[in-house]
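Heads up, the sequence shown is in our numbering, so the first residue is 999 and it goes up one at a time.
Worksheet: the structure to be examined is printed underneath.
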Amino acid sequence: MDVFNWARGRHEFWWKYLLTNMKCAPGMKISTPTIEFTVKKSGYAGTAGYEGCTYNTNYLIETKENFDSTIAHEICHVFVARLQWHSRNIQRVKGGHGPLWFYTYNIVCGFDKQKYHSYGAPKLTEEAKLLKKYKKLQELLTKSATDEGC
């Protein structure tokens, strides 16, 4: 799907943008964070950790370009997590929306501090339902092939 290529491109754009406009800690991992897509019915538009981001396919498909703020939001979490991991001078804030995250998201990336990635009630779009069925079919075919010794 074209929307996934768009999301991958924006994911990489925001990572490079932060690397260009922020100072990195010595030894900080600067490789582009991993990207995954989930098809679960969830209220979360995205999640992030030290290694990478997971984006909710339901909201990505439904909101398209408006999802850019979510991608930037999650990339800022990864950047701050990596920065904090490699710099003892930076205070770690539980929950992830501390002053450094606000600075990267609001000032560096230029998003409104009040605009988070909340898109309403959890849902499962028709496209996501099809993706779920496709993934399940792939798993069954893979399992069947390994069971038969292919």
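Cβ coordinates follow ideal geometry from the N, Cα and C atoms, glycine included.
In this structure, DSSP gives N1019 a helical state, which the three-state scheme calls helix. Note on geometry: alpha-carbon atoms of Y1042 and P1024 lie some 32 Å from one another. Counting other Cβ atoms within 10 Å of its Cβ, P1097 stays below 16 and is therefore classed as exposed. Looking only at Q1082, T1102, D1066 and F1100, the smallest Cα-Cα distance to R1006 is reached by D1066. Note that the C-beta distance between H1009 and I1033 is below 7 Å. Secondary structure at Y1053: strand, using DSSP grouped into helix, strand and coil. DSSP places A1046 in the strand class (E or B) of the three-state scheme. In the three-state reduction of the DSSP assignment, F1100 falls in the helix class, which pools H, G and I.
Between the alpha carbons of H1075 and G1047 lies a gap of roughly 7 Å.
Under the three-state reduction of DSSP output, I1033 falls in the strand class. A residue is called buried when at least 16 other Cβ atoms come within 10 angstroms of its Cβ; T1144 does not meet this threshold and is exposed. Check the Cα spacing between D1000 and each of Y1132, T1055 and C1022: the tightest is with T1055. In its chain, beyond the 5 residues on either side, T1052 and N1054 have a beta carbon closer than 6 Å to the beta carbon of T1036.
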